[in-house]
Every structure is written in structure tokens, then in C-alpha cells.
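Here the structure is laid out as C-alpha cells; the discussion comes afterwards.
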Amino acid sequence: MILAVFLVITTLFRLIVGRYFPLIGDEAFYWLWSQHLDLSYVDHPPMIAYYIKGLTLIFGNTELAIRLGAIILVTLITFLVYKIGKELFGEKAGLISAIIFNLTPTFFGGGIFLVPQQPFLLFWTLSIFLFVKLIKTNQAKYWYLLGLTVGLGLLSDYVMLLFFPAVGLYLLLNKNLRFWWQKAAPYLGALLACLAFSPVIIWNLKQGFTPLFYWSGKMGGTPNYLQNFLTFVSLEMVLYTPILLLLVIYLIFRLRKFDDKITFLGCLSLMVFLPFLLISPLMLVGGHWPAAAYIPAILFLGQLAGKKLKWLAGLTLFFVVLINFLAFSYYLFIYPTPPSLKSQEFSINKTLPQFLAESTSKKGQTFYLANNLGVAGLVAFHGKVNVHMAPGRLRQFDIWGEPQIKRGDNMIYFVLNEKEVYRKLLPLFSEVKTEQEKRLFTKDADIPQKTEIYHCLGYKGGILP
């Protein structure tokens, strides 16, 4: 009953507040995926595209549809965290774990935005729940269910691959479960997961394993090792609180002392957190990437709070409420809206189709381009037009098709924070004009402030920047 009331309140809060958060660039980009359904994509597996496609078929191509999709997922994950906590440590621990999970900044604020990590976390927590049932019952059927959920998780995010070594390590450490190494069920479950994942493998074979080059490219150049590492640690403390970060580290070190439940949580945290910790000096690691490592820490905190350490849960709740309050205060009341968009923040995007129609030249064909994936998605979503990127900018857009621009054609180019593009466009067109008004609004980085629109008339030839 308490959990149900809590979920109703937090869901209503997200629905109300979500109205004041236009789509962010990543969401619009993943919506763009749903308009180009495929077996996989350059930077992530396809689940997010399929999910958004289903949402828009039911609710229409609206921002509300995408907001609902995010809220539904975070609610389901919260319920699964409760079920896992209840199975491991009892009803009270499950309830505390669910509440802390839902309020943790990356899940509370992040629960408004629909990104690939959300369907992944749904299948990650469902897989944990099924493995807990397997531990308690030793019934082989759970291996097959695990194979299905892990496979669906792999279709959501490559991080799901880390579930295999986590389970493998636990089967080695728990002598009562080592007999499974000699049974067929675990291997059949793994085979089922691979079969579910096979569309992504097929796509990668056709595309030459493009994601490997995409992600390895993010490590290019000479990294600032210390700065990258400190940025990673700082993000983890802000997004999950210092307490949960310390509990992740504690669970990893607790692996030296076996406990059937705590060791399982430690294996899960270790196999997710350690890889991101190791690569953090080499590249800027997204703070939400190791999110799965914190679910075991939240469950462990629920168990501690259910016993004698209620103050620790209270201190964690203090941190999450403080961080959430500061974050929402900034984005709701302080976010720097360009002066020309004041009082138009939530209407300007609706005028984009009319602006594009009026700006489209009657001579020659007009193409719509962007230099940034988020901007491209936003222009396509709000403007209801087909948006390209210049060939070679982003492999995903090259796969969808390069702009077949011919001499005499025109282009409307949305450019985020790249001043040299204007200079490069000048010799390619008879005329290049800069739009004086801002036409896009989102509370996402510098997109509203630093997106320029160039009207390019009469293409003369040359390589598009």
C-alpha cells in the first residue's frame, strides 16, 4: 500500500513537471531511430527504437508519448527493485530500496527522459529478480527465463553483456551453486540470450562492427587522465550520492568474505562499475553509464536500513532530496533561455513546420541538414521534415542515406556551436544568410543558445561541411 501511494505521487509529479521539459536532443535522436527501424544502430542496440515506435503508434508522435514511455519504465523498475529487496532481505528492506531507487537523482530526474538505459535497466533488474528466484529454488526453468530477459537486455544496451561474468563469478564463489557448471540449463539459457541478440550480431557483420569504431573513437587524442577521472567520480557522487558510491566500493571489497546474498550483490556491482572506472581516465564516461552497478548498492542499503542503520538511509534521502531540489530548481526556474525565446519556450517548436515551409525556396530542391545528432532529431521531430548530416559526419546518418544535393539546390542548415561551418559554406552556395531569430528550444546543454540557422541558396558544388 505504501509503495503504491509513493508510486502514484512520484508518477503524478513526473507527469506534471515533464510538461516543462521539451524533448532533449538524445530523445529526439532515438525517436529518429524509430522512423528508420533496423536490426541495430551505430551506438546502441535497437530496443529503444522499437519501444518508441510502439509508443508513437499508440499515443501518436507527441512529446507526451515519449514522456509516458520513460515514466512507465521507471515505475516498473521501481517495483522490480522492491520485489528483489523483498526476496533477499524482507518486505521492509524491499520498500526502502524501492523508495531510495526511485528518488536517486539519475533515476528520479532521469525518469522523465527516455533513453536506452531505461529499457536496459528494466531487463537488468528483471534478470536479477529471476536469478534470485533461481538461487532460492534451484529450478532449471529460471535459466531459460533468464536467457530471454538477458537477451532482451542485450537488445537494449551492450552493458547487459556484463551480466554474464557477474553470474559466472558468483557461481564460482558460491560452492552450493557450482553444480550448475555441469548442467545443460545455464548453457541453454546463454544460447537463448545469444539467439535473442542475433539481430544485432547480423547487423554488425553487415556494417563491419561499426559500434566498435564509434566507441573506440571516443578515446581518440591525448586524454587528460586526471581530469577525466575526477569528472567521472564527481558525476557519480552527484547522480547517485556519495553514500551509494561508497556502498558500491564497499560491496566490491566485501567479495573477500563470502555471504550468499551480499556476495551476489558485490559480483553485480564489480562487473559493471570496474570497467567504467578503468576507462574513465581515457575518455569522458557518461555518469549514467554504470547505473546498473548502483542497484545492488541500493538493495544493500535497504537491508542495512531495515536493521539498525536507519540513519544511513535517512542521510541518503537527505542527499537525494537536496540534489533533486537543486537540479529541478535550475531547470525549471534558472535555465538560461535566449532573450528572443522568452515567453515562447513551449510554443516556438510548434511553429517550426511553418518556418521551414516559408523558408523553403521555390527554385530547386531544399535539403535540411544539421551538424549535431540531437539538433537533427529535434528538427526532424518538430519540423516534420527529413534531416540529413553532411557525409562523413556521423555514420548512422550515412547509413540512412546521404543528401543527394545538386547544383542549384538549396539547404537550411542547423548548426550547433561550430562557427567555421558558415565560412566553409560561403564558396559552396550563391548566397548564405544567417537566420536572425532562434527557432528551437530545449533544456539540453547549449542547443537553444548556440544553434545557428543558415539559409543556403543556389548550390554551386563542393564538399558539404
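Here the sequence shown is numbered in my numbering, starting from 697 and rising by one per residue.
No residue lacks a Cβ here, since even glycine has one placed at the ideal position from N, Cα and C.
*List the endpoints of the continuous beta strand (DSSP E) containing F680.*
The first residue shown for the chain is 697 and the last is 1161, placing residue 680 beyond what the model contains.
*asked:* Let's see if you can read the secondary structure: which residues bound the beta strand (DSSP E) around N757?
replied: Numbered from 1 along the sequence shown, position 61 holds the residue referred to as residue 757. From DSSP, N757 is part of no beta strand (DSSP E); its letter is neither H nor E.
_Tell me whether the stretch 705-717 and the stretch 861-871 touch, counting them as touching only if at least three CB pairs, one residue from each stretch, are closer than 8 Å._
no
*Report, in whole angstroms, the separation of the C-beta atoms of L719 and I754, which I expect to be a contact under 8 Å.*
Counted from its first residue, the sequence shown places residue 719 at position 23. Counted from its first residue, the sequence shown places residue 754 at position 58. Their Cβ separation, rounded to whole angstroms, is 18 Å, which puts L719 and I754 out of contact at 8 Å.
_Short Cβ contact (8 Å threshold) for R1103 with K1156_ = Position 407 of the sequence shown holds residue 1103. Position 460 of the sequence shown holds residue 1156. Yes.
*Apart from the five residues just before and just after A1076, which ones in its own chain have a Cβ nearer than 6 Å to its Cβ?*
Here residue 1076 corresponds to residue number 380 of the sequence shown, with the count starting at 1. For A1076, where only same-chain residues beyond five positions count, the Cβ hits under 6 Å are L728 and V1083.
*Find the nearest neighbour of L1005 within the set L764, P1099, A789 and V770, judged by alpha-carbon distance.*
For the purposes of this step, residue 1005 is identified with residue 309 of the sequence shown, where counting begins at 1. Here the closest residue by C-alpha is A789.
*By DSSP, does L848 sit in helix, in strand, or in coil?*
Residue numbering aside, residue 848 sits at position 152 when the sequence shown is read from its first letter. Helix.
*Might you give, ordered along the chain, the residues of its own chain that have their beta carbon closer than 8 Å to the beta carbon of L844, omitting 5 neighbours on each side?*
Taking the first residue of the sequence shown as position 1, residue 844 is located at position 148. Here the set comprises L888, A889 and A892.
*Give the secondary structure of I1108 by DSSP, where H, G and I count as helix, E and B as strand, and everything else as coil.*
Residue numbering aside, residue 1108 sits at position 412 when the sequence shown is read from its first letter. Strand at I1108.
_Pick from S852, W839 and N798 that is closest to W820, judged by C-alpha positions_ = Position 124 of the sequence shown holds residue 820. It is S852.
*asked:* Quick check: S736 and N900, are their CB atoms within less than 8 Å of each other?
replied: Counting from one through the sequence shown, the residue named residue 736 turns up at place 40. Counting from one through the sequence shown, the residue named residue 900 turns up at place 204. Yes, the pair counts as a contact, with Cβ atoms nearer than the cut-off.
_N924 versus L1153 - alpha carbon distance_ = In the sequence shown, residue 924 corresponds to position 228, counting from 1. In the sequence shown, residue 1153 corresponds to position 457, counting from 1. The alpha-carbon of N924 is positioned some 43 Å away from that of L1153.
*Along the chain, where does the beta strand (DSSP E) that runs through F1063 open and close?*
For the purposes of this step, residue 1063 is taken as the residue at position 367 of the sequence shown. T1062 to A1066 is the extent of the beta strand (DSSP E) around F1063.
*Candidates P971, S1036 and Q1100: closest to K1146 by CA position*: The residue given as residue 1146 occupies position 450 in the sequence shown. Comparing C-alpha distances from K1146 to each of P971, S1036 and Q1100 shows the shortest one belongs to S1036.
*Per DSSP, cross-strand counterpart(s) of H1151*: Numbered from 1 along the sequence shown, position 455 holds the residue referred to as residue 1151. Bridge partners of H1151: I1108 and K1129.
*Where does V1081 sit, in a helix, a strand or coil, going by DSSP?*
The residue given as residue 1081 occupies position 385 in the sequence shown. Three-state DSSP puts V1081 in coil, outside helix and strand.
_Anticipated Cβ contact below 8 Å, H1078 with I1108, distance rounded_ = Counted from its first residue, the sequence shown places residue 1078 at position 382. Counted from its first residue, the sequence shown places residue 1108 at position 412. Wrong, their Cβ atoms sit about 14 Å apart, outside the cutoff.
*Have a look at I824 and V968 and give me their C-alpha separation to the nearest angstrom.*
Here residue 824 is taken as the residue at index 128 of the sequence shown, counted from 1. Here residue 968 is taken as the residue at index 272 of the sequence shown, counted from 1. One C-alpha to the other measures close to 13 Å.
_For Y1031 and E1041, what's the separation of their Cα atoms in angstroms?_
Locating residue 1031 in the sequence shown gives position 335, where the first residue counts as 1. Locating residue 1041 in the sequence shown gives position 345, where the first residue counts as 1. If I take the Cα positions, the gap works out to 11 Å.
_According to DSSP, is M979 part of a helix, a strand, or is it coil?_
As a working mapping, residue 979 is identified with position 283 in the sequence shown. Residue state, collapsed to three classes: coil.
_Assigned secondary structure, N673 (DSSP; H/G/I helix, E/B strand, else coil)_ = The structure shown has nothing for residue 673, since the chain only spans 697 to 1161.
*What residues in its chain sit with their C-beta under 6 Å from that of N1020, if we drop five residues either side in the sequence?*
Position 324 of the sequence shown holds residue 1020. Around N1020: P801 and F804.
*8 Å Cβ shell around T937 - same chain, five flanking residues per side excluded*: On the sequence shown, position 241 is the one that residue 937 refers to. Only T800, P801, T1012, F1015, V1016 and I1019 meet the Cβ criterion.
*Between which two residues does the alpha helix (DSSP H) containing T802 stretch?*
By one-based count along the sequence shown, residue 802 stands at place 106. From DSSP, the alpha helix (DSSP H) with T802 extends over P801 to F804.
*Take every Cβ of the stretch 1045-1056, pair it with every Cβ of the stretch 1130-1146, and state whether three or more of those distances are shorter than 8 Å.*
yes
*Straight-line CA distance for Q731 to L884?*
Indexing the sequence shown from 1 puts residue 731 at position 35. Indexing the sequence shown from 1 puts residue 884 at position 188. Roughly 35 Å separates the two Cα atoms.
_Only counting the same chain, and skipping five residues up and downstream in sequence, which positions put a Cβ closer than 8 Å to that of F809?_
If you number the sequence shown from 1, residue 809 lands on position 113. F717, I720, D722, E723 and A766.
*Kindly give me the distance between the Cβ atoms of F1137 and N1045, rounded to whole angstroms, as I take these residues to be in contact under 8 Å.*
Within the sequence shown, the letter at position 441 stands for residue 1137. Within the sequence shown, the letter at position 349 stands for residue 1045. With 8 Å as the limit, F1137 and N1045 qualify as a contact, their Cβ atoms being about 6 Å apart.
_Below 8 Å on the Cβ atoms is my contact criterion, and I expect P815 with I744 to pass it. Report the Cβ-Cβ distance as a whole number of Å._
As a position in the sequence shown, residue 815 is number 119, starting the count at 1. As a position in the sequence shown, residue 744 is number 48, starting the count at 1. The Cβ separation is near 6 Å, so the contact holds.
*For S730, the first and last residue of its enclosing alpha helix (DSSP H)*: Walking along the sequence shown from the start, residue 730 turns up at place 34. First-last of the alpha helix (DSSP H) with S730: G721 to S730.
*Hey, out of P742, I698 and K782, whose CA is closest to G1002's CA?*
Residue mapping note: residue 1002 aligns to position 306 of the sequence shown, counting from 1. Nearest neighbour of G1002 by Cα position, chosen from P742, I698 and K782, turns out to be K782.
*Give the DSSP-derived three-state secondary structure of Y1026 in the structure shown.*
By 1-based counting over the sequence shown, the position of residue 1026 is 330. Helix.
*If you scan the stretch 850-898 from start to end, which runs of the beta strand (DSSP E) of 3 or more residues do you find wholly inside it?*
none
_Three-way DSSP call (helix, strand, coil) for V738 in this model_ = Residue mapping note: residue 738 aligns to position 42 of the sequence shown, counting from 1. Three-state result, V738: coil.
*Please classify T1062: is it buried, with 16 or more other beta-carbons within 10 angstroms of its beta-carbon, or exposed?*
Stepping through the sequence shown from its first residue, residue 1062 is reached at position 366. Under this definition T1062 is a buried residue.
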